[in-house]
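Top to bottom, those sequences are chains A and B. At position 86 of the first sequence (counting the first as 1) the number is 88 in this note's numbering, and the numbers step up by one without a gap. At position 30 of the second sequence (counting the first as 1) the number is 140 in this note's numbering, and the numbers step up by one without a gap. We put the beta carbon where it would ideally sit given N, CA and C, even for glycine.
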Amino acid sequence: TQLLEQSPQFLSIQEGENLTVYCNSSSVFSSLQWYRQEPGEGPVLLVTVVTGGEVKKLKRLTFQFGDARKDSSLHITAAQPGDTGLYLCAGRTGNTPLVFGKGTRLSVIA
Amino acid sequence: DAGVIQSPRHEVTEMGQEVTLRCKPISGHDYLFWYRQTMMRGLELLIYFNNNVPIDDSGMPEDRFSAKMPNASFSTLKIQPSEPRDSAVYFCASSLMTQDTQYFGPGTRLTVL
């Protein structure tokens, strides 16, 4: 069974601070995705990374896929209250369905 | 285009009752997924369909759970009889191909008393 461990589980920070959340596994993934989920809604895809060492930027969000394709990180610069939500990572091996981590619940306080 | 549509958005029922959750995927998407989300276990895949055919139901917790997809635009997840431990948010998602982006519906929050 492929497991994705996300840390921290909860994070509460002040507006303007930087933060990094992590997604780790002992399995190698062919691709890894990050989703954001807001209260009362379903997860929404933010990014997909497929190459070891790959870095993608989405405005103030920076995503990195580990060289060995077993881990990933999400860094947010100058967090804003609109960044509040549950951040989920999900990995896939080949043609198998996505496996999700339990998520990091981020709260950005104004 | 409308996204994935789920109904009802909230369901409160008593233990032992039958519960039916409904999903309409995005038109043209060949894959449909049912997930369950709880604080303890996170987002778990229950079953997924390709072209209306169930491909993998290994995530279905037990025989009380069943899912059908009678046509390309409709799927149901049924729990009979329901138990308090079934309380969770149930999501439906669809995608063009299995490796493509999954689009999630807003979910059905189920409470079994």
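For G54/A, which residues of its own chain have a beta-carbon under 7 Å away from its beta-carbon, when the five flanking residues on both sides are left out? F67, G68, D69, A70, R71
Could you tell me whether any Cβ in chain B is nearer than 9 Å to the Cβ of V101/A? yes
Whole alpha helix (DSSP H) runs in the stretch 111-162 of chain B with 4 or more residues, listed along the chain? none
Could you say if the stretch 112-122 of chain B and the stretch 168-185 of chain B meet the contact criterion of at least three C-beta pairs nearer than 8 Å? no
Under the DSSP definition of a beta bridge, which residues are partnered with V49/A? W36/A
Confirm, please, whether the CB-CB distance from Y200/B to P99/A is below 9 Å. no
Any 3 or more C-beta pairs closer than 8 Å across the stretch 13-30 of chain A and the stretch 185-205 of chain B: no
Do you know offhand how far E7/A's Cα is from E43/A's? 22 Å
In chain order, what residues of the same chain have a beta carbon less than 6 Å from the beta carbon of N26/A, not counting five sequence neighbours either side? E7, D73
Would you verify that the beta carbon of K83/A is, or is not, closer than 9 Å to some beta carbon of chain B? Position check: residue 83/A holds Pro in this sequence, whereas Lys was assumed. Cβ-Cβ to chain B under 9 Å: no for P83/A.
Apart from the five residues just before and just after S109/A, which ones in its own chain have a Cβ nearer than 6 Å to its Cβ? S14, T86
Using a 10 Å radius around the Cβ and a threshold of 16 neighbouring Cβ atoms, would you call V51/A buried or exposed? buried
Once DSSP output is grouped into helix, strand and coil, what is the label at D167/B? coil
Counting Cβ pairs, one atom from each stretch, are 3 or more of them under 8 Å apart for the stretch 57-64 of chain A and the stretch 74-82 of chain A? yes
Does any CB atom of chain A fall closer than 9 Å to the CB of Q127/B? no
The stretch 26-47 of chain A: which residues have C-beta closer than 9 Å to a C-beta of chain B, in chain order? S32, S33, Q35, Y37, Q39, G42, E43, G44, P45, V46, L47
Residue range of the unbroken beta strand (DSSP E) whose run includes V199/B: 198-205
Have a look at F143/B, V129/B, N161/B, T148/B and flag the residue whose alpha-carbon is nearest the alpha-carbon of I115/B. F143/B
Unbroken beta strand (DSSP E) run spanning R62/A, endpoints: Looking at the DSSP string, R62/A is not in any beta strand (DSSP E), and its letter there is neither H nor E.
Looking only at its chain, what residues have a beta carbon closer than 7 Å to the beta carbon of Q82/A, apart from the 5 residues adjacent to it on each side? E17, V110
DSSP three-state label for R94/A, please. strand
Are the Cβ atoms of T208/B and N160/B separated by less than 9 Å? yes
Backbone CA spacing between S204/B and P45/A [nearest angstrom]: 12 Å
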